[in-house]
Amino acid sequence: MAKRPASRIPPILIALVLQFLAFLLSLLILRLTAYPISPLNISLLTGITSAMLSRAFRMAGWWLPIQLLFAPCLFLLLGLDLPPAAYLAAFVLLALVYWSTFRSQVPLYLSSRRVWHTLEEILPAAQPGKRFTFIDIGSGTAGGIAHLARMRPDVDFVGIENAPLPYLLGKIRVWLLRLSNCTLLWGNMWELDFSKYDVVYAYLSPVPMLQLWEKSAAEMKAGSLLISNTFNVPDHPPDYSITLEDWQRSTLHVWHMPK
Ligand SMILES: C[S@@+](CC[C@H](N)C(=O)[O-])C[C@H]1O[C@@H](n2cnc3c(N)ncnc32)[C@H](O)[C@@H]1O
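Under the working numbering, the sequence shown has 481 at position 46, and the numbering climbs by one with no breaks.
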């Protein structure tokens, strides 16, 4: 398959520009044809045109349904006659959850319970008098590390998250459960030194995987484990992979960092 050319422009900006372009094209098409220039016609045609433009500009496949449905959904929402404060509230809520996703392209979605149970099995066995450290980079609402922290009191669990609301929910969870072996950091995982951790767990997206590999290879200790849920590293096959029978058909890819 042909590789998409790397672009420094965030895809969300490209998507917005294409929506605007599609809107202008739709007005033009409706003007040149006998169809009435109504909000319904404009929104439908804008949706179709922006999806076609997104394909022509080789945006990732999952952008196409978003581009197709964006304008028709706006049309439907306007019909509901909601107060302006509802839009502001929805915007603030989404911003607090998805924060820097427009740049990182790593949104919030959670690992399944099956993943955390399998991680329990993958983690190195307890050794008397020896502790090790596990970090979940982009820990979301910290459900996974909280579960593991209860199961493995001999391991120090750390999560780092940069989106305010998931971080806050994770903090409350860890506090309510009184987990002394679980710490949550608010910050950017790319600024963290991976050499402090024996296991690095990542559930990100296809976008940063090569960057993750380069950082891990440069910083992680020999013999430590890098585990990625679902997303593989181009040209760096894992030592082994486990596909799970959960609804996401998650696959855990595991690398033993070389000596
Ligand atoms: C797919 S979710 C995974 C959540 C959790 N690790 C799990 O497996 O259930 C990825 C998370 O990474 C966070 N994230 C993305 N980029 C980040 C960064 N540079 N630093 C810290 N967290 C980040 C997102 O906000 C999101 O909550």
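Quick reminder that beta carbons are idealized off the backbone N, C-alpha and C, glycines included.
Going by beta carbons, N623 and N597 fall inside the 8 Å limit. The C-beta distance from H688 to L660 rounds to 11 Å, too long to fall under 8 Å, and the pair is not in contact.
Per DSSP, A637 is one residue of the beta strand (DSSP E) stretching across V634 to A637. Per DSSP, V541 lies in no beta strand (DSSP E) and is assigned neither H nor E. Taken in chain order, the complete beta strand (DSSP E) segments of 3 or more residues contained in the stretch 604-690 are 617-621, 634-637, 660-664 and 675-678. Per DSSP, the continuous beta strand (DSSP E) segment holding G594 begins and ends at V590 to E596. Looking only at I444, I447, R443 and L488, the smallest Cα-Cα distance to L459 is reached by L488. Fewer than three Cβ pairs drawn from the stretch 443-455 and the stretch 465-475 lie within less than 8 Å of each other, which leaves the two stretches out of contact. Nearest in C-alpha terms to L554, of all of F567, L583 and I572, is L583. Closest option to Y544, judged by alpha-carbon separation, among V532, K631 and W610: V532. Residue burial is scored here from C-beta neighbours: C508 has fewer than 16 other C-beta atoms within 10 angstroms and is therefore classed as exposed. Note on geometry: alpha-carbon atoms of G658 and S539 lie some 29 Å from one another. DSSP, read as helix, strand or coil, puts I572 in strand. Sequence-distant partners of A506 (beyond 5 residues in either direction) whose C-beta falls short of 6 Å from its own C-beta, in its chain, are S478, T481 and G482.
L639 places its beta carbon less than 8 Å from that of V541. About 14 Å separates the Cβ atoms of D571 and I557, ruling out a contact at the 8 Å cut-off. In the structure shown, the three-state DSSP call for F455 is helix. Residue burial annotation: L529 is exposed, with fewer than 16 other C-beta atoms found within 10 angstroms of its C-beta.
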